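Undergrad: Encoded as structure tokens, here's the structure I'll be asking about.
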Amino acid sequence: MRIATERLTLSPLSEKDAAFVAELLNTEGWVKNIGDRNIRSEKDAREYIQKVNSNPHITYWIVKLKKEGLPIGLVTIIKRDYLPSKDVGFAFLPQFFHKGYAFEATKAVLLALVNSNGLEIILAISLPDNKSSIKLIEKLGLKFEKTINHENSILGVYKASKEELFPDNEARISCHTIT
């Protein structure tokens, strides 16, 4: 599924995105808040992308600036075995922080999933000290539910129903699915 917003295009991650993935997965924010995936080359990134794309419980969208076609981030939907529902995630290159791109892209993915009846409940997880991600999670409409311990990491779990994300079926941003 391809998605477009006013400023962004989102498309499924592919092996042609390997250079960008290698760059993003080695940023300080990714390593600190998500974890070091040992992706050190484009070859490593291609293998990582193949692994992600072969898992039916994981979907990654690459986020690009619409006008420039420049990749700036990822939005993810993952069904983790330790959570009862799918969770949404996001990661962007630091130079694109605080411009509204992460909110716009993530909200567009959630709206597309709601519109395709692929979403009833959504979760998000974050380390408690990742204040900027928590702020965005809450801005998206998810509310803190509980803290869990997973693999010796304390994670905050946030939750929302589709009605909480989009009250009265009103979309707060415009987007359309391109397919």
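If you read the sequence shown in the numbering used here, its first letter stands for residue -3, the second for the next number, and so on.
Note that CB positions come from ideal geometry on N, CA and C, so glycine has one too.
Owing to the predicted nature of the structure, the values given are computational and were not obtained by experimental measurement.
1. Leaving out five residues on either side along the sequence, give the residues of the same chain with a beta carbon under 6 Å from the beta carbon of T55.
2. Per DSSP, which residues does W57 bridge with? Please list them.
3. Ordered along the chain, which non-local residues of its own chain (more than five positions away) have a Cβ less than 8 Å from that of Q46?
4. What are the partner residues of H146, as DSSP defines its beta bridges?
5. Got a sec, what are the start and stop residues for the alpha helix (DSSP H) T1 sits in?
6. Round the Cβ separation of Y97 and A120 to the nearest angstrom and send it over; I've been treating them as touching at under 8 Å.
7. Any idea what DSSP makes of F93, helix, strand or coil?
8. Could you please give me the residues that DSSP links to A120 through a beta bridge?
9. Comparing C-alpha positions only, which one of L66, G25, F86, L9 sits nearest to N51?
10. For G137, name the three-state secondary structure that DSSP assigns.
11. Quick check on DSSP: helix, strand or coil for F162?
12. In whole angstroms, what separates the C-alpha of G65 from that of I58?
13. Alpha carbon to alpha carbon, what distance is there between I117 and A108?
14. Mapping the DSSP letters down to three states, classify F16 as helix, strand or coil.
15. Let me confirm a value: S112 is counted as buried when at least 16 other C-beta atoms fall within 10 Å, else exposed. Which label applies?
16. Cβ atoms of L136 and K103: under 8 Å apart, would you say?
17. Please classify S122 as buried or exposed, where buried requires at least 16 neighbouring CB atoms within 10 angstroms.
TA: This is what the structure gives:
1. I73
2. Beta-bridge analysis with DSSP links W57 to P8, V71.
3. E11
4. S149
5. No alpha helix (DSSP H) holds T1; the beta strand (DSSP E) holding it covers -1 to 1.
6. That belief does not hold up - the Cβ atoms of Y97 and A120 are roughly 17 Å apart, past 8 Å.
7. coil
8. Y154
9. L9
10. coil
11. coil
12. Cα to Cα, G65 sits roughly 11 Å from I58.
13. 14 Å
14. F16 falls in the helix class under three-state DSSP.
15. exposed
16. Going by C-beta atoms, K103 is nearer than 8 Å to L136.
17. buried
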